[in-house]
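Colleague: Got a structure here, written out as structure tokens. Questions coming.
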Amino acid sequence: MKPKNFALSKMNFIIIGAAVLIIIVGFLLMTGPGTTLEGGFEPDIFSARRIKVAPLVVFIGFLVMIVGILFPDRKLKQGNKA
Numbered sequence: 002m003k004p005k006n007f008a009l010s011k012m013n014f015i016i017i018g019a020a021v022l023i024i025i026v027g028f029l030l031m032t033g034p035g036t037t038l039e040g041g042f043e044p045d046i047f048s049a050r051r052i053k054v055a056p057l058v059v060f061i062g063f064l065v066m067i068v069g070i071l072f073p074d075r076k077l078k079q080g081n082k083a
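28 is the number that the working numbering gives to position 27 of the sequence shown; each next residue is one higher, with no gaps.
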């Protein structure tokens, strides 16, 4: 059997996996306790962690995902020069 050539290298998959973990952490930071009162108001929904930090972490995760997809494979470049 011929070895298969994937479009992405091992390093790309490692970076994409790290990006997925960062995105999951960002979404976990957005979670919080629900209201226990009927018709009540939970002021924690406007905390800095939920409004500023968590979306920033998710955005960074998506940027890392883009880097993981576009990261060049050095072995492929060296193979084309020969």
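The beta-carbon is built from N, C-alpha and C at its ideal position, and this holds for glycine as well. The model shown is predicted, which means the values in this text are computed figures rather than measured ones.
Is DSSP giving residue 150 helix, strand or coil here?
Modeller: This structure leaves residue 150 out entirely; the chain is present only between 2 and 83.
Colleague: What does the alpha-carbon distance come out to for the pair residue 83 and residue 75?
Modeller: Low per-residue confidence applies at residue 83: pLDDT is 47, beneath 50, and the placement is therefore not dependable enough to give any value.
Colleague: Alpha carbon to alpha carbon, how far is residue 9 from residue 58?
Modeller: Approximately 25 Å, taken between the alpha carbons.
Colleague: One question on the structure: do residue 30 and residue 49 come within less than 8 Å of each other, judged by their Cβ atoms?
Modeller: Not in contact: residue 30 and residue 49 (Cβ atoms no closer than 8 Å).
Colleague: Tell me the rounded alpha-carbon separation between residue 12 and residue 66.
Modeller: Approximately 12 Å between the Cα atoms of the pair.
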